[in-house]
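Enquirer: Structure below; questions to follow.
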Amino acid sequence: MRRLLVVIVLTLGLVLSGCIGRENDRGGVRMDLEIGSIFHNGDYIPVEFTCDGEDVNPPIFIGHIDPNAKSLVIIVDDPDAPAGTFTHWIAWNIPPLGEIPKGVPPKGVIEAPVRMVQGRNDFGKIGYGGPCPPKGHGVHHYHFKVYALDTTLELDPGASRRELEKAMEGHVIQMGELVGLYERK
Numbered sequence: 083m084r085r086l087l088v089v090i091v092l093t094l095g096l097v098l099s100g101c102i103g104r105e106n107d108r109g110g111v112r113m114d115l116e117i118g119s120i121f122h123n124g125d126y127i128p129v130e131f132t133c134d135g136e137d138v139n140p141p142i143f144i145g146h147i148d149p150n151a152k153s154l155v156i157i158v159d160d161p162d163a164p165a166g167t168f169t170h171w172i173a174w175n176i177p178p179l180g181e182i183p184k185g186v187p188p189k190g191v192i193e194a195p196v197r198m199v200q201g202r203n204d205f206g207k208i209g210y211g212g213p214c215p216p217k218g219h220g221v222h223h224y225h226f227k228v229y230a231l232d233t234t235l236e237l238d239p240g241a242s243r244r245e246l247e248k249a250m251e252g253h254v255i256q257m258g259e260l261v262g263l264y265e266r267k
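What the sequence shown shows, in my numbering, is residues 83 to 267, in sequence order.
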């Protein structure tokens, strides 16, 4: 009986360690970028950063950036949208300096407060479009995903998310994510 228990515990340990390893390994992409903002992971996003407020992007803080990173990409989306995942913001060629400041202007090419190129969101606009779920649709989860790349991307301003993700293929070395919540009653 004791021998059987040892075998079960060892087998369970191997199975769990294999699951943990796969969860943190997305095709060689390290999942160790630390992403933060003025709200914590799993907390509600302040109204200021939504369609009910100023509708500007929150500051995004990025830690533990690989020294080989040449640029960052941010993708913000809402997988709870009624018609499927809704993209709120895509931007690329962000210097790997550790912060995307609050209130990036809604233009294709930005030189200040931080250099970046922005694409078209699912509102049909360039730049950030804050959380704006349908009233009464419940709590939505907004994923702020940051990727560290080993290159900069040759994409025109206003590119689509699909074009961005295709250009990123084979160049992502790190990723991190922050999830914020928002609901309109």
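By construction, the Cβ of each residue, glycine as well, lies at the ideal position given by its N, Cα and C atoms. All figures in this text were calculated on a predicted structure; none of them were measured in a lab.
Below 8 Å on the Cβ atoms is my guess for residue 260 versus residue 118; work out the distance and round it to an integer in Å.
Expert: Yes, residue 260 and residue 118 are in contact; Cβ-Cβ is about 7 Å, under 8 Å.
Enquirer: Output needed for residue 210: all residues of its chain with C-beta closer than 6 Å, excluding positions within five of it in sequence on either side, in chain order.
Expert: Hits under 6 Å: 139 and 171.
Enquirer: According to the neighbour-count rule (16 or more other Cβ atoms, all chains shown, within 10 Å of its Cβ), is residue 228 buried or exposed?
Expert: Residue 228 should be labelled buried.
Enquirer: Does DSSP classify residue 112 as helix, strand or coil?
Expert: In the structure shown, residue 112 sits in a strand (DSSP, three-state: E or B).
Enquirer: Verify whether the separation of the beta carbon atoms of residue 153 and residue 183 is less than 8 Å.
Expert: Taking 8 Å as the Cβ cut-off, residue 153 and residue 183 do not qualify as a contacting pair.
Enquirer: Residue 265 to residue 226, Cα distance in whole Å?
Expert: Their backbone Cα atoms lie some 17 Å apart in a straight line.
Enquirer: Which first and last residues belong to the beta strand (DSSP E) in which residue 259 is found?
Expert: Run containing residue 259: 254-264, per the beta strand (DSSP E) assignment.
Enquirer: Residue 193 by DSSP, collapsed to three states: which one?
Expert: In the structure shown, residue 193 sits in coil (DSSP, three-state: anything other than H, G, I, E or B).
Enquirer: Let me confirm a value: residue 198 is counted as buried when at least 16 other C-beta atoms fall within 10 Å, else exposed. Which label applies?
Expert: By the 10 Å Cβ count, residue 198 comes out buried.
Enquirer: Whole angstroms are fine: how far does the CA of residue 157 sit from the CA of residue 245?
Expert: Approximately 13 Å between the Cα atoms of the pair.
Enquirer: Our contact map puts residue 262 next to residue 127 with C-beta atoms below 8 Å; I'd like the distance itself, whole angstroms only.
Expert: Going by Cβ atoms, the distance from residue 262 to residue 127 rounds to 4 Å, so yes, they are a contact pair.
Enquirer: For residue 215, collect the residues of the same chain with a Cβ closer than 6 Å to its Cβ; drop the 5 residues on either side in sequence, then sort them by chain order.
Expert: Excluding positions up to five away in sequence, the list reads 222 and 266.
Enquirer: In terms of residues, what are the limits of the alpha helix (DSSP H) holding residue 246?
Expert: Segment 243-250, the alpha helix (DSSP H) holding residue 246.
Enquirer: In the DSSP assignment, find the unbroken beta strand (DSSP E) run with residue 145 in it and report its ends.
Expert: Taken as a continuous stretch (DSSP letters only), the beta strand (DSSP E) holding residue 145 covers 142-145.
Enquirer: Who pairs with residue 173 in a beta bridge, going by DSSP?
Expert: Beta-bridge pairing links residue 173 to 156 and 200.
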